[in-house]
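Numbering-wise (our numbering), the sequence shown opens with residue 2 and increments by one. Note that beta-carbon positions come from the ideal geometry of N, C-alpha and C, so glycine has one too.
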Amino acid sequence: PEGSPFAPRSAATLAIYARRKITFGPTPLRQSGDMGQQIAHSYGPDSVQVGSNAIQAAVMQFGAVKGALGAYFYTGKGGGHVDGSSPWGDIPARPFLGLSDEDRSGILDIVSEALAAARQA
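Below you can see the structure in the form of C-alpha cells.
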C-alpha cells in the first residue's frame with residue numbers, strides 16, 4: 002500500500018514453484034488476477050470497509066508463523082488415517098490492502114470537497 006516492495010520469496014517457495022513448473026512475473030498478485038477480483042467493499046452511514054474473502058488474503062496481509070495454518074486429517078488410499086500440519090509457515094506479511102499517507106490525504110480532500118459542495122447546494 003505504501004510502495005514498499007514485498008519480502009522476497011523463500012528458497013522453499015522457489016523450489017516448489019520449480020517442481021510444479023510455476024512461473025511468476027515482476028508483478029506479485031497479478032499472475033492469476035484472483036486476489037484483485039476478490040477485493041470487496043461495504044459502507045455504512047459513517048464508515049467504509051475494504052477487504053478480501055480470498056483464502057490467502059489474511060496470510061498475505063498479516064503473514065503466518067509455522068503451525069498457524071492448521072492441521073489436516075484424511076483417509077489415505079489404503080484406508081489408513083493420515084494427519085499432519087501444514088508445511089507452510091513463517092511467511093512474512095506482504096500487505097496488499099491499506100492506505101498510504103498520500104492516499105489518506107487524497108481521500109480527505111475528496112470528502113472535504115463533497116461536503117463543501119453539499120453545503121452550498
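- Looking at the backbone, the Cα of V83 and that of G71 are separated by about 14 Å.
- With distances taken between CA atoms, G4 lies nearest to P96 out of P96, A115, V112 and A118.
- Looking only at F74, M61 and G52, the smallest Cα-Cα distance to F7 is reached by M61.
- A65 sits away from D35, with the two beta carbons spaced by 8 Å or more.
- Distances from the CA of Q57 to each of I23, S113, A12 and G90 were compared; the closest alpha carbon is that of G90.
- A residue is called buried once 16 or more other Cβ atoms fall within 10 Å of its Cβ, and S33, having fewer, is exposed.
- DSSP places G45 within a strand segment (E or B) once states are collapsed to three.
- Annotation: the continuous alpha helix (DSSP H) that includes T14 extends over A12 to R20.
- Boundaries of the beta strand (DSSP E) harbouring D84: H82 to S86, taken from the DSSP string.
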